[in-house]
Amino acid sequence: MQKCSKCSKNAVTFRPYSGEYLCKSCFTKSIEVRVKRAIAAHKMLREEDKTAVGLSGGKDSVVLLHILKRIEENFPNSSLVAITIDEGISGYREQSIEIAKKNASALNIPQEISTFKDIFGCTIDEIMQNEHVKELGASACAFCGSLRRRALNQKARELGASKLAVGHNLDDEAQSILLNVFRSDIHRLARLLQDTSAKNENFVPRIKPLRTIPERETILYAYYKGIEFHSQQCPYSFNVLRGEIESTLNRLDDKRPGIKYGVLKFLDDLAPALRNYCTDSDFTECEQCGEPSSGRQCNVCKLLSELSQK
Ligand code: SF4
Ligand SMILES: [Zn+2]
Ligand SMILES: [Zn+2]
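Numbered by our numbering, the letters in the sequence shown go through residues 565 to 874 in order.
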């Protein structure tokens, strides 16, 4: 039996990118240390922050909630609140909301549940039944992602949160970076970095404390800590380009471990140059709804107007 690289206990996992064998306790500790380092390196949190955590019930969001709770206990002036958004995806979201509730209540963290139906007047299931949307062949994720970001920001603002923490892990970040490179979208690429320094008062700065944790390790952390999470796949989860990038990155990472960290480091190294592509004018107000927007009409208003085309 292989021994842990940090202590003498039996190892339970191997990290190909660092060559470390780790026992259960050194592994879970190392995840918490890395999250704290990412928070410090990117100045994600201050001692007096009220942090809203986007809690879907999936692995990343529940792991994030548990780790932030441990961190928050050392900062008496900080507080946490969980926000769960019900997009209205029948047969899928109901169960994840139950798991989100269980986790929030086990950690004694207040939770707010908001629905797309209440905020936007329609569910994702209804949007996907819209004739114009069907004709366009638009993906559910295009609507869902933008509407959820809006809903989370609105709710966090209403709750007086000073930060909004989301569970994006290393795999998500590496995919988003390459996706924006392939789409030649340098403004969106820059926005992956700039959330914590956003100056628009209607925009609650978003932080991603799990950005250096590989997806596989968030699952292992949950498993070793006995954290319950929702593992069912969303029935609408197919985004062709992102899916191809995901499988390509996984294949490359198998051959050259650490490649996802390389993609993330590339973005961080580019940060000084990318700041020129992300100015305050990137966040003005939408003329229609008054919410933060990068243009005269925000993406949410654009998408919702598609629904009234027929
Ligand atoms: S996979 Fe797409 S539709 Fe499903 S919850 Fe995620 S963003 Fe929404
Ligand atoms: Zn150990
Ligand atoms: Zn708008």
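Ideal Cβ positions, reconstructed from N, Cα and C, are used throughout, including at glycine.
Please state the DSSP three-state secondary structure of residue i.
i	result
A646	strand
Q852	coil
V617	strand
G622	strand
Y785	helix
K567	strand
N672	coil
N814	helix
L609	coil
G685	coil
F830	helix
N863	helix
K633	helix
Y841	helix
N667	helix
Y825	helix
R806	helix
P836	helix
S572	coil
F591	helix
S660	helix
R820	coil
S872	coil
Ignore the nearest five residues each way along the sequence and tell me which others in residue i's own chain have a CB closer than 6 Å to its CB.
i	result
I516	Residue 516 lies beyond the residue range present for the chain, which begins at 565 and ends at 874; the question has no answer from this structure.
C705	N803
C853	C865
F578	Y585
Y841	I750, H751, A754
R712	I649
K623	T782, I783, A786, F793
Q739	R806, I809, E810
F707	I691, L867
L609	I603
G731	D624, S625, L628, L774
Which same chain residues end up closer than 7 Å to residue i when comparing Cβ atoms and leaving out the 5 residues on each side of it in sequence?
i	result
C587	C568, C571, K573, N574, A575, V576
L644	T615, V617, L632, K633, E636, I673
T848	S857
I595	I777, E781, Y785
N766	R721, E855, P856
R657	D650, E651
S654	D689
K789	T592, H630
G822	Y581
DSSP puts residue i in a beta bridge; with which residues?
i	result
T679	D650
S857	T848
F578	Y585
H794	G622
Starting from the C-beta of residue i, find all residues in its chain whose C-beta is less than 8 Å away, skip the five residues before and the five after it, and write them out in chain order.
i	result
I661	G621, T648, D650, I677
Q659	G621, H794, Q796
G652	T679, F680, K681, C686, T687, I688, D689, E690
R598	T776, I777
V663	Checking the sequence, you will find Ile at residue 663 rather than Val. Contacts found: G621, V626, E792, F793, H794.
L734	L774, R775, T776, I777, P778, E779, K824, Y825, L828
Q675	L619, V645, A646, I647, T648, A664, K665, A668, S669
Problem set entry | Beta carbon nearer than 7 Å to a non-hydrogen atom of ligand 3 | Taking every residue with its beta carbon within less than 7 Å of a heavy atom belonging to ligand 3 gives, in chain order, C850, Q852, C853, E855, S857, Q861, C862, V864, C865.
Exercise. At which residue ranges does the region 703-776 contain complete alpha helix (DSSP H) runs of 4 or more residues, listed in the order of the chain?
Worked result: 704-722, 734-746, 750-758
Exercise. Taking any heavy atom of ligand 2 as the mark, which residues have a C-beta closer than 5 Å to it, listed down the chain?
Worked result: C568, K570, C571, K573, C587, C590
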